[in-house]
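Participant: If you scroll down you'll find the structure; I have some questions about it.
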Amino acid sequence: MKAKPISLALQDFVGEPEISRVEAVKKVWAYIKLNDLQNPVDRREIFCDDKLKKLFEGKEKVGFLEIAKLLSFHFVKTA
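Using full-length UniProt numbering, you'd call the opening residue of the sequence shown number 1 and step up by one each time.
Here you go:
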């Protein structure tokens, strides 16, 4: 998949000015697992720390199906 320009918030998170959507989701999931942010009772629910809140509109928690949708807002539209 092709790398695309991303928002400053997502750049801070992934450390790159461009990334593909697939790679962005992979990096977010790796971060979630590394920091044990999945709800142990309902693994579909993700607890947002300060870093994830910057990406996910300040939400305290998100469902795993929301991640790709919320990340899509960080990809800069190009003509």
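For glycine and all other residues, C-beta sits at the position ideal for the given N, C-alpha and C.
If you check the beta carbons only, do Ile19 and Ile32 fall under 9 Å apart?
Facilitator: Along the sequence shown, read from residue 1 onward, the residue named residue 19 stands at position 19. Along the sequence shown, read from residue 1 onward, the residue named residue 32 stands at position 32. Not closer than 9 Å, so no.
Participant: Taking the alpha helix (DSSP H) that Glu66 belongs to, which residues open and close that run?
Facilitator: Here the question's residue 66 lines up with position 66 in the sequence shown. Element bounds for Glu66: 66 to 72.
Participant: State the start and end residues of the unbroken alpha helix (DSSP H) segment that holds Ile32.
Facilitator: Within the sequence shown, numbered from 1, the residue matching residue 32 stands at position 32. Taken as a continuous stretch (DSSP letters only), the alpha helix (DSSP H) holding Ile32 covers 21 to 34.
Participant: What residue from Ile6, Lys2, Val22 has the CA that sits closest to Ile67's CA?
Facilitator: Stepping through the sequence shown from its first residue, residue 67 is reached at position 67. That would be Val22, whose Cα lies nearest to the Cα of Ile67.
Participant: Please say whether Phe75 and Ser7 have beta carbons closer to each other than 9 Å?
Facilitator: Within the sequence shown, numbered from 1, the residue matching residue 7 stands at position 7. Within the sequence shown, numbered from 1, the residue matching residue 75 stands at position 75. Cβ atoms of Ser7 and Phe75: closer than 9 Å.
Participant: Looking at the secondary structure, which residues open and close the beta strand (DSSP E) in which Lys61 lies?
Facilitator: For the purposes of this step, residue 61 is taken as residue 61 along the sequence shown, with counting starting at 1. Looking at the DSSP string, the run of the beta strand (DSSP E) that includes Lys61 is 61 to 63.
Participant: How far does the alpha helix (DSSP H) with Phe13 in it extend, from its first residue to its last?
Facilitator: Numbered from its first residue, the sequence shown carries residue 13 at position 13. Unbroken alpha helix (DSSP H) run through Phe13: 8 to 14.
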